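Colleague:
There are 2 protein chains.
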Amino acid sequence: MDDERTWSIAELADEYGVTLRTIRFYEEQGLLTPARDGTRRIFADGDRVRLGLVLRGKRLGFPLDEIKKIIGMYDAEPGEVGQLRYLLDQIEHRRAELEQRRRDIDATLSDLAELERRCRADLNRLTG
Amino acid sequence: MDDERTWSIAELADEYGVTLRTIRFYEEQGLLTPARDGTRRIFADGDRVRLGLVLRGKRLGFPLDEIKKIIGMYDAEPGEVGQLRYLLDQIEHRRAELEQRRRDIDATLSDLAELERRCRADLNRLTG
DNA sequence: CCCGTACTTGACGTTTACGTTAACGTAAGT
DNA sequence: ACTTACGTTAACGTAAACGTCAAGTACGGG
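As you go down the protein sequences, you meet chains A and B in turn. If you read the first sequence in UniProt numbering, its first letter stands for residue 1, the second for the next number, and so on. If you read the second sequence in UniProt numbering, its first letter stands for residue 1, the second for the next number, and so on.
Encoded structure:
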């Protein structure tokens, strides 16, 4: 099986539910670097994965330049020891950030659960 | 003990690490409604809590008008049955959103963990 | 050859969430 | 009386993340 399949910009946009403009903008920002056939963009599987990562980052509320850094970490060359230590440091930083977010989410979910309880109680009182 | 203590805009800004402008802007947007002593803003405990909720929403990447709606749900009057059903519906919607976010976070954390493993392996190879 | 469809690159418009002066009021300290 | 600290409103500026034209290119079908 060849996984040499490629996609047009419209196919990718359609698949991920974004506009063409969005994808072009991501390329302009260096988040995607599709190949070219003349002037046309050709997206390989790696590009699809990257787009998925970008959108996941967006759902998490990260700004695009942050997302760029994070994705950049994934495909950094092994490089020298200093680089590796720096990268590990960054990883730790991101992890802390994400764990803070998860705490915020859990707190909000718990607030919502409490709110729902009150709602259901009120509803029971009124319709019960 | 009276919990009648109040705060100035500067105290609140300082406590939460935001600027005065930010707080005034939140008021302008209807996210906060502090009392007044003449023209001066007087923040009660409820206002502090609300500011905390706003900032939590921000950390989660919600836009301010979304945050306004969510917070609005907390202090909605019990109201009529239709309102309650609508509110329960909204709660469900927010919950789904937050749970998607948590999945995104977990996926990212797992990516980071894998990346860290590879980093440590490389580091061992180089310094080992 | 013309048409429709898909693609391209500008370039300007828009919204959000504040930052940044500007110009002023008020109350306390010296 | 003067300064300093803290507050006010009004208004313009800005960066991010696209949306929205405008104008042109490339290609297969009829």
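Cβ coordinates follow ideal geometry from the N, Cα and C atoms, glycine included. All of these numbers come straight from a predicted model, not from anything done at the bench.
Which of helix, strand or coil does DSSP assign to B:Ala76?
Modeller: The residue given as residue 76 of chain B occupies position 76 in the second sequence. Looking at B:Ala76 - three-state DSSP - the assignment turns out to be coil, as it is neither helix nor strand.
Colleague: Report buried or exposed for A:Val54, applying the criterion of at least 16 other Cβ atoms within 10 angstroms of its Cβ.
Modeller: Stepping through the first sequence from its first residue, residue 54 of chain A is reached at position 54. Buried is the call here.
Colleague: Out of A:Arg40, A:Glu116, A:Leu84, point me to the one whose CA is closest to B:Asn124's CA.
Modeller: Within the second sequence, residue 124 of chain B is the residue found at index 124, counting from 1. B:Asn124 has its Cα closest to that of A:Leu84, out of A:Arg40, A:Glu116, A:Leu84.
Colleague: Can you grab the Cα-Cα spacing for the pair A:Gly52 / A:Arg41, in whole Å?
Modeller: Stepping through the first sequence from its first residue, residue 52 of chain A is reached at position 52. Stepping through the first sequence from its first residue, residue 41 of chain A is reached at position 41. For A:Gly52 and A:Arg41, the distance between alpha carbons rounds to 17 Å.
Colleague: Beta carbons nearer than 7 Å to chain B: which residues of the segment 72 to 87 of chain A have them?
Modeller: Against chain B - using a Cβ distance shorter than 7 Å - the residues of the segment 72 to 87 of chain A are Met73, Tyr74, Pro78, Val81, Leu84, Leu87.
Colleague: When you compare only the Cα positions, how much space is there between A:Lys68 and B:Thr108?
Modeller: Counting from one through the first sequence, the residue named residue 68 of chain A turns up at place 68. Counting from one through the second sequence, the residue named residue 108 of chain B turns up at place 108. Roughly 14 Å between the two C-alpha positions.
Colleague: Would you list, in chain order, the members of the segment 39 to 70 of chain A that have their beta-carbon closer than 7 Å to a beta-carbon of chain B?
Modeller: Per Cβ criterion, the list reads Arg56, Arg59, Leu60, Gly61.
Colleague: Within 10 angstroms of its Cβ, does B:Arg101 collect 16 or more other Cβ (buried), or is it exposed?
Modeller: Mapped onto the second sequence, residue 101 of chain B falls at position 101. It counts as buried.
Colleague: Just the C-alpha distance for B:Gly128 and A:Glu77, rounded to the nearest angstrom, thanks.
Modeller: The count along the second sequence starts at 1 and reaches residue 128 of chain B at position 128. The count along the first sequence starts at 1 and reaches residue 77 of chain A at position 77. Distance between the alpha carbons of B:Gly128 and A:Glu77 is about 19 Å.
Colleague: May I ask you to list the residues that DSSP assigns as paired with A:Ile42?
Modeller: Numbered from 1 along the first sequence, position 42 holds the residue referred to as residue 42 of chain A. Answer by DSSP bridge pairing, in chain order: A:Ala35.
Colleague: Taking only beta-carbon atoms, is B:Glu114 less than 7 Å away from chain A?
Modeller: Locating residue 114 of chain B in the second sequence gives position 114, where the first residue counts as 1. Judged by the 7 Å Cβ criterion, B:Glu114 is not in contact with chain A.
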